[in-house]
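Below: one structure, written as structure tokens.
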Amino acid sequence: MINQKSAVIKLDAVVVGAGFSGLYMLYRLREAGFSTRVFEASSGVGGGLA
Numbered sequence: 023m024i025n026q027k028s029a030v031i032k033l034d035a036v037v038v039g040a041g042f043s044g045l046y047m048l049y050r051l052r053e054a055g056f057s058t059r060v061f062e063a064s065s066g067v068g069g070g071l072a
């Protein structure tokens, strides 16, 4: 069995998807002072624009 330590990270918002809309929402939330993280399934960002 693997012994892993987990850290609890408190976030105000989570953005799912690092396409254009997701990155824009991430920018706006952080600009408003929210603690945020973005999660993307693929290896890059930009969605259909990349």
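Under the numbering used here, the first residue of the sequence shown is numbered 23, with each subsequent residue one higher.
Cβ atoms here follow ideal geometry from the backbone N, Cα and C, with glycine treated the same way.
- With contacts defined by Cβ atoms closer than 8 Å, ALA29 and VAL60 do not form a contacting pair.
- Straight-line measurement puts the Cα of TYR46 at about 18 Å from the Cα of LEU33.
- In the displayed model, GLY41 falls within a strand according to three-state DSSP.
- Within its own chain, the residues whose Cβ lies closer than 8 Å to the Cβ of ARG52, once the five positions on either side in sequence are excluded, are THR58, listed in chain order.
- For the pair LYS27 and VAL36, the Cα-to-Cα distance works out to about 22 Å.
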